[in-house]
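Trainee:
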Amino acid sequence: MALKLLINSLFKGGAEKQFAALAALLPHDAMLLLEREVSQETGASKPVFLSPHGPSTPSVFKTACIPAYARRLAALAGPGDTVLSFMERANLVNILAARKSGHRAVICERTRPSGEFSGLRGVLMRPLIKRFYPSADMIVANSQGVKRDLADRFSVPAEKIKVIPNGCDTGDIARKASQPLDAAYAAVFKRPVVITSGRLTAAKGQWHLLRFFRKVKDSDRDAALVLLGEGGLKNYLAGLSRELGFKTFSGAGAPPPDADVYFPGFQDNPYRFISKARLFVFTSLWEGFPNSLVEAMAAGAAVLSADCLSGPREILSPETPIHFRALKAEPAPYGILMPVLSGLRRKASTPLEPAEENWAGMVSAMLSDQEALDKYSRAGVRRAADFELSRIAPLWRKLLYE
Numbered sequence: 005m006a007l008k009l010l011i012n013s014l015f016k017g018g019a020e021k022q023f024a025a026l027a028a029l030l031p032h033d034a035m036l037l038l039e040r041e042v043s044q045e046t047g048a049s050k051p052v053f054l055s056p057h058g059p060s061t062p063s064v065f066k067t068a069c070i071p072a073y074a075r076r077l078a079a080l081a082g083p084g085d086t087v088l089s090f091m092e093r094a095n096l097v098n099i100l101a102a103r104k105s106g107h108r109a110v111i112c113e114r115t116r117p118s119g120e121f122s123g124l125r126g127v128l129m130r131p132l133i134k135r136f137y138p139s140a141d142m143i144v145a146n147s148q149g150v151k152r153d154l155a156d157r158f159s160v161p162a163e164k165i166k167v168i169p170n171g172c173d174t175g176d177i178a179r180k181a182s183q184p185l186d187a188a189y190a191a192v193f194k195r196p197v198v199i200t201s202g203r204l205t206a207a208k209g210q211w212h213l214l215r216f217f218r219k220v221k222d223s224d225r226d227a228a229l230v231l232l233g234e235g236g237l238k239n240y241l242a243g244l245s246r247e248l249g250f251k252t253f254s255g256a257g258a259p260p261p262d263a264d265v266y267f268p269g270f271q272d273n274p275y276r277f278i279s280k281a282r283l284f285v286f287t288s289l290w291e292g293f294p295n296s297l298v299e300a301m302a303a304g305a306a307v308l309s310a311d312c313l314s315g316p317r318e319i320l321s322p323e324t325p326i327h328f329r330a331l332k333a334e335p336a337p338y339g340i341l342m343p344v345l346s347g348l349r350r351k352a353s354t355p356l357e358p359a360e361e362n363w364a365g366m367v368s369a370m371l372s373d374q375e376a377l378d379k380y381s382r383a384g385v386r387r388a389a390d391f392e393l394s395r396i397a398p399l400w401r402k403l404l405y406e
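Residue numbers for the sequence shown follow our numbering, beginning at 5 and rising by one.
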């Protein structure tokens, strides 16, 4: 059997990071990309591009090109081959191409399609997923919640769906976490820092974090908030931060030691920041499997996470049913689960929602409880080890080669 790997691009995202990590562990004879964008390490693999498209190509146009991508893939694969694809467009290309080439199409769903797709993108993608995903030879979901979403809302036969969680290199994270910050940021992290990491997008709900952090500041004037990452909402979030009255560092130049909120942007090594924060806070409205949460735990951070669909409960409270939802702060074995926030983008002057009040109170309580922080730091490191790549890779090998 020849294994070929397929993905939209190697942008700096969570799915792309997982793809690159698996590529280093799974023997394969080709790495295929729909687009010409490579921002991840590919090791010995030399990507083959199926089109001249790139980041500036409109998404609607790239969706319309799915049949053309599929024809190109069908010319590169044949009976006896397995094509393992990540991300929705690549998955659809894989399924369509298999009809012509006869290869085995194994697709990977890394998020909850019912939460991820909205607006015009949702109008385009949801019907395509519902029509074509059931035709795949196998679907790999990265959480039980994603499996349930595909089966319940997209008519994918449950028996076709296997669950393999995302993996991470916990040893590498620990090494990177121990690296020092430069002097300017070291001064910031002498204060009690609340940190989050991830794309600055609608799914992550970071505007809620900014809103309730104002109340956290009422109980600890020295506290600082650091938001690692880039994304389309950065200007909105920085503007909201200023409207809330925070002294805000937007990432240009050296960070001042006395700002309230920091936007350092994308960091090649976020773990050296996370490991030195007092608390990692994760306000996502929906997820597939939250890599950032597991990586923060591997870096030694105590974590407080929204109990959103899907992933956080499976990670922090694995013995509880996945349909349970926290209605108030829920101390779990490996972190604190919190109510999912509304997702409404309220003005700075609008009073806090009840859930935001709940979050503010719990963050303040954790910042002042070193014993709890230490307990969850240790527990998080233990739990993150369950997702070590060396434990996850054999699951993939068994699925693909046996």
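All C-beta atoms in this analysis are idealised placements derived from N, C-alpha and C, irrespective of residue type, glycine included. Model, not experiment: these values are computed from the prediction.
Since LEU14 and GLU41 should fall inside the 8 Å C-beta cutoff, what is the C-beta to C-beta distance between them, to a whole number of angstroms?
Mentor: 6 Å
Trainee: Please return the same chain residues whose Cβ sits closer than 8 Å to the Cβ of ALA162, not counting the five positions on each side in sequence.
Mentor: Taken in chain order, the residues that qualify are LYS151 and ALA155.
Trainee: In the DSSP assignment, find the alpha helix (DSSP H) that holds PRO358 and state where it starts and stops.
Mentor: 358-371
Trainee: Could you give the distance in angstroms between the alpha-carbon of GLY339 and the alpha-carbon of ASP373?
Mentor: 14 Å
Trainee: Quick test of your reading: PRO196 and LEU308, contact by CB under 8 Å. State the CB separation rounded to the nearest angstrom.
Mentor: So it is not a contact: roughly 14 Å between Cβ atoms.
Trainee: Looking only at C-alpha atoms, which of ALA72, GLN44 and LEU26 sits nearest to LYS104?
Mentor: ALA72
Trainee: How long is the line joining the alpha carbons of ARG395 and MET142, rounded to whole angstroms?
Mentor: 21 Å
Trainee: Can you check which of these residues, GLU361, ALA388, PRO117 and GLN271, is closest to TRP290 by C-alpha distance?
Mentor: PRO117
Trainee: Using 8 Å as the cut-off, can you tell me whether the stretch 201-218 makes contact with the stretch 356-364, which would need three or more C-beta pairs spanning the two stretches below that distance?
Mentor: yes
Trainee: Can you give the beta carbon distance from MET422 to ARG114, rounded, assuming they're within the 8 Å contact cut?
Mentor: Since the first and last residues shown for the chain are 5 and 406, residue 422 lies out of range.
Trainee: Evaluate the contact criterion for the stretch 275-287 versus the stretch 170-182: three or more CB pairs, one atom per stretch, below 8 Å.
Mentor: yes
Trainee: Between which two residues does the alpha helix (DSSP H) carrying GLU45 extend?
Mentor: Segment: none, GLU45 is in no alpha helix (DSSP H) and carries neither H nor E.
Trainee: Have a look at PRO325, MET366, PHE253 and TRP400 and flag the residue whose alpha-carbon is nearest the alpha-carbon of ALA306.
Mentor: MET366
Trainee: Given a cut-off of 7 Å, decide if ALA388 and VAL298 are closer than it, judged by their beta-carbon atoms.
Mentor: yes
Trainee: Pick helix, strand or coil for MET5, following the three-state DSSP scheme.
Mentor: Coil, per DSSP.
Trainee: Which of the three DSSP states is assigned to PRO337 in this structure?
Mentor: coil
Trainee: So what does DSSP say about ALA140, is it helix, strand or coil?
Mentor: coil
Trainee: Ends of the beta strand (DSSP E) at SER89?
Mentor: 85-90
Trainee: Could you tell me if TYR405 is buried or exposed, where buried requires 16 or more neighbouring beta carbons within 10 angstroms of its beta carbon?
Mentor: exposed
Trainee: Taking 8 Å as the limit between beta carbons, can you name the residues of its chain near LEU399, skipping five residues before and five after?
Mentor: ILE168
Trainee: From what residue to what residue does the beta strand (DSSP E) around ILE199 run?
Mentor: 197-201
Trainee: Measure the beta-carbon distance from ALA281 to VAL220 and round it to whole angstroms, keeping in mind my assumption that it falls under 8 Å.
Mentor: 13 Å between Cβ atoms; not a contact.
Trainee: Nearest CA to the CA of PHE158: which residue from GLY255, PHE136 and ASN146?
Mentor: PHE136
Trainee: Taking the beta strand (DSSP E) that GLY3 falls in, what are its first and last residues?
Mentor: One cannot answer for residue 3 here, as it falls past the ends of the chain, which runs 5 to 406.
Trainee: When the Cα atoms are used, what is the spatial distance from MET342 to SER139?
Mentor: Roughly 37 Å separates the two Cα atoms.
Trainee: How far does the beta strand (DSSP E) with ARG349 in it extend, from its first residue to its last?
Mentor: Segment: none, ARG349 is in no beta strand (DSSP E) and carries neither H nor E.
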